[in-house]
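Trainee: What follows is a single structure, and I will ask about it in a moment.
Protein chains: 2
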Amino acid sequence: MARKSSRSTSFDVAALAGVSQSVVSRAFTPGSRIADETRTKVLEAALKLNYVPNSIASSLTTKRTNIVALIIGNLDNPFYVHVLHTFSRRLQAQGRQVLIFTVEPNSESDEAIMHLLKYQVDGVVLTAAQLSTRMISLCHDRGIPIVLFNRYIPGSDASGVRCDNVAGGALIAEAFLAAGAQNFALITGDLKGTTSGDRVRGFVERLLDGGVKRSQIVEVHGHSSYEGAFNATIKLIRDKSRVRPDALFGVNDIMAMGAIDALRHRLGLRVPEDLMVGGFDDIPEGRRAPYQLTTVRQPIEQMVDETLSILHLDDPTEPIPRGIDRPIKGRLIWRSSIPVPPAYRGEADAAKNEDER
Amino acid sequence: MARKSSRSTSFDVAALAGVSQSVVSRAFTPGSRIADETRTKVLEAALKLNYVPNSIASSLTTKRTNIVALIIGNLDNPFYVHVLHTFSRRLQAQGRQVLIFTVEPNSESDEAIMHLLKYQVDGVVLTAAQLSTRMISLCHDRGIPIVLFNRYIPGSDASGVRCDNVAGGALIAEAFLAAGAQNFALITGDLKGTTSGDRVRGFVERLLDGGVKRSQIVEVHGHSSYEGAFNATIKLIRDKSRVRPDALFGVNDIMAMGAIDALRHRLGLRVPEDLMVGGFDDIPEGRRAPYQLTTVRQPIEQMVDETLSILHLDDPTEPIPRGIDRPIKGRLIWRSSIPVPPAYRGEADAAKNEDER
DNA sequence: CGCTCCTATGAATACGCATTCACCGTCATA
DNA sequence: TATGACGGTGAATGCGTATTCATAGGAGCG
């Protein structure tokens, strides 16, 4: 059989059902004017012919593809996998699909944008990746809304949804202070994106506010990954020129996990007894028995909701939203990678119950 | 500005460049008959107008969308995330994109198929999900090639690429035997797919061949996930009615990791001293310091290559490949979750070096 | 110089569907 | 019975591009 064999069209169905092609179209368009009886007749004919409407063809007239592009720069961090999964589920429930564009972490996504423009996607979500403002206006000019997820470009007219990273970083600082830490370290990746930078800033500022001296805080950079944090931690602890920290903030969970494993399996230190560790994101992996990571939970579902609402997928006549910056507060989840101060015992138990469900 | 504002067409470009629309089309079609000078002129005009060819419209005539659907049933297992990532990278390099369809694990993907038919995708890859044979013929009838990744339906005319799971299971059995294990346990998820079943079969058969008695092998089922294996392991070890196994095969790496953590953090056992553990997949997570998982490596790159070559994306005139079953041998990677017998020391050191690169 | 051959281009058409507009029959109303 | 009003249908058109076919012009040859 030839490859492009029998793909029946609305005309074929119309012929079989004894109606016109317009009627077939209406039979598949909810809310259009057609007699129930006729619709049934058409659907039966369609079934016989294995007819499925060609959404490519209909996009041509409706100017809607029901496709949303997701540009994603880091699938090695489980957090972004969860983000992808959440978007996919939500959009599928709306009858839309995700067209995925993977880019190298920290590389510009400009090329991806050029490609997705061809596909006439209804909207774009960009996460864990960089983007030039030129590309944003290119999308806007063409009527394609774009939302940055967990990223923002201050002063640009790009819209974004993000966790309030400054406030979140402060939460970890507070947890450390409440647990009685004295010397602080933080491990972060490159600061190209605003995400890490904000967390670092919130963390450091809160510590300084709490009376900690600058000299009590060490900042280490590594590749923004489990391995990067693993190696950076080893370097940090082996550096005998400074006092060993007793609190370590991994700027995201996957890095905190790398740090914990380095501490335990390379450096022979105990967590949290010798060193308490805090993370950020609350990925399910951080809840596992070896980590029990105290962290800031990013409310993914809510952030995805916000993102979709900004995209206005349902009514394309809305003007494209510009310059929106919607920071959403995260919540501190107490587990045992930071010793739980008495005041927070109840909260920690609640989190534990929730995890075990 | 209105939403669907200024999206210029090939006619606009033609007008600006002083040529006809056909010439614009040719300017963007590699290998078509057009004078270099003219092409340059057209491209300049296109640039001025921010013109990007509308691939939706061109699909209508070419009958190619350059979109490949990927149905994926389990993003919680990092293995499938790597699979997704690999497909995405490969296809993007060819100028194609992945349209993602997430389905609930172990649910039928029939609905997803109905949706992707609308999008006129050029091909379909299905992984970690179930599918009825009816849907396969539906795709085939419409000229859409579909390949099952790590899954096959014996006797059907579906094509598939998979790791040779029977042989792989046997490799773990051999490793256990070489390490001197006496009592064996295996933890597996539901056996709906062929993947787990084959691994179990290869494992058990190889043990029996090696003189192990049936009574020395315990099989435990749990949800096919980290947590499922974690809980199943606890149940297994706490069952005092039988001797404690000294070797445990997690039917995939993520389950093996769950098992290891349960052994260490709930049951107070040491790995590999009290219990050796083997996995399957060789996900990067299993290489981490706490796990050092001895496992069977699935050659993802090669499997993806095979899959793409079966899809024949480049020449749609090829007849749709039916009934292909391409098993690919995996390779045992020695790490330290199984004590390395002297004969394999060299191999293990090599793996270690490779990991640390 | 006249012819053919070939290359570069333009005009026209098809792709599959949504949508507009006109039309027809029916029913309720005056 | 005549008049609208309205629900349902069909014919025709447009969406943006690829492709076919015809043509103009130039190069090469005898």
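Those protein sequence lines, which keep their order, are chains A and B.
Our numbering puts the first residue of the first sequence at 1, with every later residue one more than the last.
Our numbering puts the first residue of the second sequence at 1001, with every later residue one more than the last.
All residues carry an ideal CB built from backbone N, CA and C; glycine is no exception.
Values in this document were obtained by computation on a predicted structure and should not be read as measured data.
1. Which residues in chain A have a C-beta closer than 8 Å to the C-beta of Val960 of chain B? List them in chain order.
2. Residues in its own chain within less than 7 Å of Ile1034 of chain B by CB, not counting five upstream and five downstream?
3. Quick one: Cα of Thr1133 of chain B to Cα of Asp36 of chain A, how far?
4. Got a sec? Which residues, its chain only, sit under 6 Å from Phe176 of chain A by beta carbon, not counting five neighbours each side?
5. Does the Cβ of Thr188 of chain A have 16 or more other Cβ atoms within 10 Å, making it buried, or fewer, making it exposed?
6. Which runs of the beta strand (DSSP E), 3 residues or longer, sit entirely within the region 1125-1199 of chain B?
7. According to the Cβ coordinates, are Met303 of chain A and Ile328 of chain A closer than 8 Å?
8. To the nearest angstrom, how far is the alpha carbon of Gly1018 of chain B from that of Ser1008 of chain B?
9. Just to confirm, is the Cβ distance from Gly31 of chain A to Asn66 of chain A under 8 Å?
10. Of all the residues that make up the region 1108-1125 of chain B, which are near chain A by a beta-carbon distance shorter than 9 Å?
11. Is DSSP giving Phe1087 of chain B helix, strand or coil here?
12. Tell me Arg297 of chain A's beta-bridge partners as DSSP assigns them.
13. Between the C-alpha atoms of Ser1137 of chain B and Tyr1119 of chain B, what's the straight-line distance to the nearest angstrom?
14. Could you list the residues in the region 280-291 of chain A with a C-beta less than 7 Å from some C-beta on chain B, going in chain order?
15. So that I know if they touch, is there some Cβ in chain B lying closer than 8 Å to that of Ile56 of chain A?
16. Say whether chain A places a C-beta atom closer than 8 Å to the C-beta of Gln1092 of chain B.
17. Quick check on Pro1053 of chain B - is its C-beta less than 8 Å from some C-beta in chain A?
18. Looking at the unbroken alpha helix (DSSP H) that takes in Val1042 of chain B, where does it start and where does it end?
19. With C-beta atoms as the reference, is Gly1279 of chain B less than 8 Å away from Gly1268 of chain B?
20. Does the Cβ of Phe1011 of chain B have 16 or more other Cβ atoms within 10 Å, making it buried, or fewer, making it exposed?
21. Three or more C-beta pairs under 8 Å: does that hold for the region 1072-1088 of chain B against the region 78-90 of chain A?
22. Quick check on this structure: which residue in B:Ile1100, B:Asp1141, B:Gly1143 has the alpha carbon closest to the alpha carbon of Leu1126 of chain B?
23. Going by C-alpha distance, which of B:Thr1307, B:Ser1225, B:Phe1203, B:Ala1128 is nearest Arg1090 of chain B?
24. Does any C-beta atom of chain B lie closer than 8 Å to the C-beta of Asn50 of chain A?
25. Buried or exposed for Gly1258 of chain B, please, with buried defined as at least 16 other CB atoms from any protein chain shown within 10 angstroms of its CB.
26. Please classify Met1001 of chain B: does DSSP put it in a helix, a strand, or coil?
27. By alpha-carbon positions, which one of A:Gln92, A:Glu108, A:Cys139, A:Tyr51 ends up nearest to Asn1050 of chain B?
28. Residues bridged to Leu99 of chain A by DSSP?
29. I'd like the list of long-range same chain contacts for Asp964 of chain B, defined as Cβ closer than 7 Å, with 5 residues on each side in sequence excluded.
30. Indicate the three-state DSSP secondary structure (helix, strand or coil) for Ala1289 of chain B in the structure shown.
31. So that I know if they touch, is there some Cβ in chain A lying closer than 8 Å to that of Thr1294 of chain B?
32. Using three-state DSSP, classify Asp239 of chain A as helix, strand or coil.
33. Using DSSP's beta-bridge definition, name the partner residues of Val218 of chain A.
34. What does Leu1060 of chain B touch in chain A if you count any residue whose Cβ is under 8 Å from its own?
35. From the DSSP secondary-structure annotation, give me the bridge partner or partners of Met276 of chain A.
36. Of the residues A:Gln92, A:Val124, A:Met135, A:Ala129, which one's Cα is nearest the Cα of Val147 of chain A?
Mentor: Inspection of the coordinates gives the following:
1. Past the boundaries of the shown model lies residue 960 of chain B; chain B is included only from 1001 to 1357, so the question cannot be answered.
2. On the second sequence, position 34 is the one that residue 1034 of chain B refers to. Hits under 7 Å: Val1023, Arg1026, Ala1027.
3. Here residue 1133 of chain B refers to the residue found at position 133 when the second sequence is read from its first residue. Here residue 36 of chain A refers to the residue found at position 36 when the first sequence is read from its first residue. Taking the straight line from one Cα to the other gives about 32 Å.
4. By 1-based counting over the first sequence, the position of residue 176 of chain A is 176. Once the five neighbours on either side are set aside, the close Cβ partners of Phe176 of chain A are Ala247.
5. Residue numbering aside, residue 188 of chain A sits at position 188 when the first sequence is read from its first letter. Buried, because 16 or more other Cβ atoms sit within 10 Å of the Cβ of Thr188 of chain A.
6. 1146-1149, 1159-1163, 1184-1188
7. Taking the first residue of the first sequence as position 1, residue 303 of chain A is located at position 303. Taking the first residue of the first sequence as position 1, residue 328 of chain A is located at position 328. Yes. Within cutoff.
8. Here residue 1018 of chain B refers to the residue found at position 18 when the second sequence is read from its first residue. Here residue 1008 of chain B refers to the residue found at position 8 when the second sequence is read from its first residue. Cα to Cα, Gly1018 of chain B sits roughly 15 Å from Ser1008 of chain B.
9. Locating residue 31 of chain A in the first sequence gives position 31, where the first residue counts as 1. Locating residue 66 of chain A in the first sequence gives position 66, where the first residue counts as 1. No. Outside cutoff.
10. Ala1112, Met1114, His1115, Leu1116, Leu1117, Lys1118, Tyr1119, Gln1120
11. If you number the second sequence from 1, residue 1087 of chain B lands on position 87. If DSSP states are grouped into helix, strand and coil, Phe1087 of chain B belongs with the helices.
12. Locating residue 297 of chain A in the first sequence gives position 297, counting from the first residue. Answer by DSSP bridge pairing, in chain order: A:Asp281, A:Arg331.
13. Here residue 1137 of chain B is taken as the residue at index 137 of the second sequence, counted from 1. Here residue 1119 of chain B is taken as the residue at index 119 of the second sequence, counted from 1. If I take the Cα positions, the gap works out to 17 Å.
14. Arg288, Ala289, Pro290
15. Locating residue 56 of chain A in the first sequence gives position 56, counting from the first residue. At least one chain B Cβ lies under 8 Å of Ile56 of chain A.
16. Stepping through the second sequence from its first residue, residue 1092 of chain B is reached at position 92. Chain A contact via Cβ: present.
17. Here residue 1053 of chain B corresponds to residue number 53 of the second sequence, with the count starting at 1. It does: the Cβ of Pro1053 of chain B has a partner Cβ on chain A nearer than 8 Å.
18. For this step, residue 1042 of chain B is matched to residue 42 along the second sequence. First-last of the alpha helix (DSSP H) with Val1042 of chain B: 1036-1048.
19. Taking the first residue of the second sequence as 1, we reach residue 1279 of chain B at position 279. Taking the first residue of the second sequence as 1, we reach residue 1268 of chain B at position 268. The answer is no: Cβ separation not under 8 Å.
20. Taking the first residue of the second sequence as position 1, residue 1011 of chain B is located at position 11. Flag for Phe1011 of chain B reads exposed.
21. yes
22. If you number the second sequence from 1, residue 1126 of chain B lands on position 126. When only C-alpha atoms are compared, the closest one is B:Ile1100.
23. Taking the second sequence and counting its residues from 1, the one referred to as residue 1090 of chain B is at position 90. The candidate whose alpha carbon is nearest that of Arg1090 of chain B is B:Thr1307.
24. Position 50 of the first sequence, counted from the first residue, corresponds to residue 50 of chain A. Output row for Asn50 of chain A: interface = yes.
25. As a first step, residue 1258 of chain B must be located in the second sequence, where it is residue number 258. So Gly1258 of chain B ends up on the buried side.
26. As a working note, residue 1001 of chain B is residue 1 in the second sequence. Residue confidence for Met1001 of chain B is low, a pLDDT of 37 falling below 50, so the modelled location carries little weight and cannot support an answer.
27. Stepping through the second sequence from its first residue, residue 1050 of chain B is reached at position 50. Of the candidates A:Gln92, A:Glu108, A:Cys139, A:Tyr51, the one whose C-alpha sits nearest the C-alpha of Asn1050 of chain B is A:Cys139.
28. For this step, residue 99 of chain A is matched to residue 99 along the first sequence. In DSSP, Leu99 of chain A forms a bridge with A:Ala69, B:Leu1099.
29. Because chain B in this structure spans residues 1001 to 1357, residue 964 of chain B falls outside the shown range and cannot be described.
30. Working through the second sequence from its first residue, we reach residue 1289 of chain B at position 289. Three-state DSSP puts Ala1289 of chain B in coil, outside helix and strand.
31. Here residue 1294 of chain B is taken as the residue at index 294 of the second sequence, counted from 1. With 8 Å as the cut-off, Thr1294 of chain B does not count as an interface residue toward chain A.
32. Numbered from 1 along the first sequence, position 239 holds the residue referred to as residue 239 of chain A. Three-state DSSP puts Asp239 of chain A in coil, outside helix and strand.
33. Taking the first residue of the first sequence as position 1, residue 218 of chain A is located at position 218. In the DSSP output, where bridge partners are listed per residue, Val218 of chain A has A:Ala185.
34. The residue given as residue 1060 of chain B occupies position 60 in the second sequence. Ile56, Ala57, Leu60, listed in chain order.
35. Counting from 1 along the first sequence, the entry for residue 276 of chain A is found at position 276. Met276 of chain A is bridged to A:Ala247.
36. If you number the first sequence from 1, residue 147 of chain A lands on position 147. If we check each option's Cα against that of Val147 of chain A, A:Val124 comes out closest.
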